[in-house]
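Residue -1 is where the sequence shown starts when you use my numbering, and the numbers rise one by one after that.
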Amino acid sequence: MLDAILRRRIDPPVDRLAVKLAAGGASANAMTVAGLAIGLAAAAAIALGSPLIGLVLILLSRLCDGLDGAIAKHTGPTDLGGYLDIVFDFVFYGAIPLAFALLDPVHNGVPAAALLLSFYANGASFLAFAILAEKHRIITEARGRKSFFFTTGLAEASETIIAFCLFCLFPSWFPVIAYGFAAMTIWTFVARIRLAAKTFS
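See the structure below:
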């Protein structure tokens, strides 16, 4: 929901940095791998009781996630790059709720599981729609040029990162925030199912 608004502000400085990195020999795939490595380090920091360090690492990880696509625009996008980007994003998205479950299993275990279930359902609806959109040769650039069809929704990347930041800033509120964001994610899942029924029936 917020991706379109935030991208207009974030993309220009990220693109300028990407130009410099690409000129220095940085590759989009290397940036994607770095983003995942830093994201997993964030999860480790959170699980070990340092959510503020985790917050800094989450933001660095997502900077890398923005830079990989921006670098690819200048060096040439590849199918492998698009594949790694989406797969590693899903790994990162699962790692952070898991980290909070490990941090406090008694209070965070069930909310984290509910959030992960919503991510699983939403991710499946997202990827399945992309596969069928490719089959039907349906294209969109609603979130910029992507390697696959990108359906929008109430819970997108920006909302996910905001939720993760709130987790780190207010760890004792993790259950409340997790349930709230799980509800937003399920809403997006249901909206995608309705869109699929309308588009492919």
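Where a beta carbon is used, it is the ideal one built from N, C-alpha and C, also for glycine.
Review point. Within this structure, are the beta carbons of Ile44 and Ile94 separated by less than 8 Å?
Key: Yes, these two residues count as a Cβ contact at 8 Å.
Practice item. Return the chain-ordered ranges of every alpha helix (DSSP H) run that is complete within the stretch 7 to 48 and spans a minimum of 4 residues. Key: Assignment of alpha helix (DSSP H) within the stretch 7 to 48, counting only whole runs of 4 or more residues, yields 26 to 45 in chain order.
Review point. Is the CB of Ala155 under 8 Å away from at least one CB in chain B?
Key: This model lacks chain B altogether, as it is built from one protein chain only.
Review point. Apart from the five residues on each side of it in sequence, which residues of its chain come closer than 6 Å, Cβ to Cβ, to Thr183?
Key: Excluding sequence neighbours, Thr183 sits near Ser116, Asn120, Ala153.
Check your understanding: If you draw a straight line from the alpha carbon of Gly23 to that of Arg6, how long is it in whole angstroms?
Key -> Going by the C-alpha atoms only, they are around 26 Å apart.
Practice item. Going by CA-CA distance only, name the one from Pro11, Val85, Thr158 that's closest to Gly178. Key: Considering only alpha carbons, the answer is Thr158.
Practice item. Let me know if Arg192 comes out buried or exposed under the rule of 16 or more other beta-carbons within 10 Å of its beta-carbon. Key: So Arg192 ends up on the exposed side.
Review point. Along the chain, which unbroken stretches of the alpha helix (DSSP H) at least 4 residues long are found entirely within the stretch 89 to 170?
Key: Runs found: 103 to 133, 155 to 167.
Check your understanding: What is the DSSP secondary structure of Pro173, reduced to helix, strand or coil?
Key -> Correct three-state label for Pro173: helix.
Check your understanding: Cα-Cα, which of Ile136, Leu38, Gly47 is closest to Phe90?
Key -> Considering only alpha carbons, the answer is Leu38.
Exercise for review: For Phe168, I'd like the list of residues in its chain whose CB is within less than 6 Å of its CB, leaving aside the five on either flank, ordered along the chain.
Suggested key: Correct list: empty, nothing qualifies.
Check your understanding: Taking just the CA atoms, how far does Gly79 sit from Ala194?
Key -> So the alpha carbons of these two residues sit roughly 26 Å apart.
Check your understanding: Candidates Ala16, Ala32, Gly151, Leu58: which alpha carbon is nearest Asp83's?
Key -> Looking at the Cα atoms, Ala32 is the closest of the given residues.
**Study point:** Three-state secondary structure (DSSP) of Ser199
**Key:** Correct three-state label for Ser199: coil.
Practice item. Have a look at Phe124 and Asp102 and give me their C-alpha separation to the nearest angstrom. Key: The alpha-carbon atoms of Phe124 and Asp102 are separated by roughly 30 Å.
Check your understanding: For Gly151 versus Thr186, is the C-beta distance shorter than 8 Å?
Key -> By the CB criterion at 8 Å, Gly151 and Thr186 fall inside the cutoff.
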